[in-house]
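Here's the structure, in structure tokens; my notes come after.
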Amino acid sequence: MFTVFCVVEGEGRPFPVDIAGTVGHLKEGIKKAKMYQFPSDQLDLYRVEGLVQAQDGQFLLNGNPIDLTRASLDSFGGHKANMPAASLISECFDTTNAPLARKIHVVVARLDDFPNTSYKRWTKLDAAMDQYKSWHGGVYGAPLADVSWSDVGWVFDKCTIHQELPREVIAPDHMGALYACLKLGTKALGGVVGSNESARLFFITSTLVHVACLVDGVNMLMQEKVVGNQLKVHGQLDFVLWHSMENAMAQVLLGCEAVADEDMVDVVYGIATNGVKWMFFKRESTEILKMEVEIQVGDDHRPTLESLQRVVETIHAMFVSQ
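Numbering (the UniProt record's numbering), first residue to last: 1 to 322.
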């Protein structure tokens, strides 16, 4: 068994594959490691010489810095060689010796699996974020938290359609349990509108958790790290209250694009909220569907059942579709 360190063209995150046998078996291992949804024989692999990752995370090709997030196969020149599927691993590498520390053995040619519309959007977003890009922990790109709606809003506005999103009915007993929980919480903490952040956080958390518990396999993440490949953005989406809904849209939509890029999926859902105003997004390769809902309150400063039901049934439909 030999450990081969691989990196996908246009990405900067090496990953190991323990393999024996042929290059065809290595392709199967890469497909499994990257969770690709296409036949492994569509992968083109290239053995590279002199490519290493330094201790600070930067990559070097024969001692010279190279940005793997921007490099193409041509960047490796004569230091690469195609690996036919029938070749033995022992023919490609010296498997009798342990691999050199931090050495990258294989570059995987990037497949153009995404529709051109995604790439066009990412190209525009990339250009809009240029001023924020730098190296962070071995990853080159713009930190998610630094980008505002004024930077990228014009890109998203051109492909966003306001539309009522599907709703999934919630049984009356589950709806009643959530409403009772929120009624009790807002009584103790104060009404949602104009209340402190603790009250709004309770309202948001309770709403999401109650709905998530109705769908098997859905787990609530308080924080999620996102790293784009073609889209040079990275950072952490935190479960926090948003004071600026415009900046909330920027971070949530960029996060959706980064997930679509990294996981090679077409549809990604996103939610931005301050507890009263809820924005729901369905990101697709050709367009972004957006729906806005505002929680209505009664004379007791508590959310009305009708407006609450519209919010939670929209969230429920998103969870069910995943």
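Where a beta carbon is used, it is the ideal one built from N, C-alpha and C, also for glycine. In this text, all values refer to a predicted model and were calculated from it rather than measured experimentally.
Applying the 10 Å Cβ sphere with the 16-neighbour rule, what's the burial state of residue i?
i	result
Pro115	Only weak support is given to the placement of Pro115: the predicted model assigns it a pLDDT of 49, under 50, and the value that follows is read from those uncertain coordinates. So Pro115 counts as exposed.
Arg70	exposed
Ile161	exposed
Met249	buried
Asn229	buried
Met318	buried
Val320	exposed
Lys27	buried
Gly77	exposed
Ala199	buried
Val147	buried
Val209	exposed
In whole angstroms, what separates the C-alpha of residue i from that of residue j?
i	j	result
Phe59	Glu49	13 Å
Ala81	Leu254	36 Å
Ile271	Leu214	18 Å
Asn196	Gly275	11 Å
His105	Val4	6 Å
Leu61	Leu144	29 Å
Pro16	Gly137	19 Å
His25	Val52	24 Å
Phe2	Tyr132	40 Å
Val312	Ser40	40 Å
Lys32	Tyr179	44 Å
Ala98	Ser134	Unreliable positioning characterises Ala98 in this predicted model, as indicated by a pLDDT of 47, which lies under 50. A coordinate reading is not provided.
Val139	Lys187	46 Å
Ile295	Gly185	16 Å
Ala20	Tyr46	17 Å
Phe93	Ser285	40 Å
Ala212	Ser307	19 Å
Glu224	Ala177	28 Å
Asp130	Pro172	50 Å
Asp56	Phe202	41 Å
Arg13	Lys34	11 Å
Taking the alpha-carbon of residue i as reference, which of the options has the nearest alpha-carbon?
i	options	result
His316	Leu165, Leu61 and His234	Leu165
Gln42	Leu51, Thr3, Ile66 and Pro84	Pro84
Ala260	Lys277, Leu237 and Leu231	Leu231
Trp149	Gly21, Asn247, Thr3 and Leu178	Asn247
Lys277	Thr205, Val293 and Thr314	Val293
His79	Val107, Asp216 and Trp135	Val107
Val155	Tyr36, Gly63, Pro14 and Trp122	Trp122
Val233	Pro14, Gly141 and Pro65	Gly141
Ser118	Asp299, Glu262 and Ile295	Glu262
Gly29	Lys225, Gly57 and Ile89	Ile89
Met245	Asp173, Gly185 and Thr273	Thr273
Thr205	Asp146, Ala54 and Cys181	Cys181
Lys290	Asp157, Asp130 and Leu189	Asp157
Gly63	Lys34, Lys103, Met35 and Tyr36	Lys103
Leu68	Cys6, Leu237, Asp216 and Asp299	Cys6
Given residue i, which residues of its chain have a CB within under 7 Å of its CB, disregarding the five upstream and five downstream residues?
i	result
Arg110	Val8, Glu9 and Gly10
Ser72	Glu9
Lys183	Arg302
Gly235	Pro143, Leu144, Ala145 and Val226
Return the bridge partner residues of residue i from the DSSP annotation.
i	result
Ile161	Leu289
Lys103	Val52
Tyr132	DSSP output for Tyr132 lists no bridge partner at all.
Asn82	Tyr46
Trp278	Thr273 and Val293
Asp261	Its beta-bridge partners do not exist; DSSP assigns none.
Gln236	Lys225
Apart from the five residues on each side of it in sequence, which residues of its chain come closer than 8 Å, Cβ to Cβ, to residue i?
i	result
Gln309	Ile170 and Met175
Ser87	Thr22 and Val23
Asp113	Only weak support exists for where Asp113 lies, its pLDDT of 48 falling under 50; the value from the coordinates is given anyway. The answer, listed in chain order, is Phe38 and Met264.
Glu91	none
Excluding the 5 residues preceding and the 5 following residue i in the sequence, name in chain order all residues of the same chain whose CB lies nearer than 6 Å to its CB.
i	result
Val152	Leu125, Ala128 and Ala250
Gln159	A small correction: the amino acid at residue 159 is Cys; Gln does not occupy that position in the sequence shown. Same-chain partners within the cutoff: Glu287 and Ile288.
Val268	Cys256, Val259, Ala260 and Arg283
Thr314	Leu165, Arg167 and Phe280
Asp18	Met1 and Thr3
Using beta carbons (cut-off 7 Å, strictly below), is residue i in contact with chain B?
i	result
Lys282	Note that chain B does not occur in the displayed structure, where there is just one protein chain.
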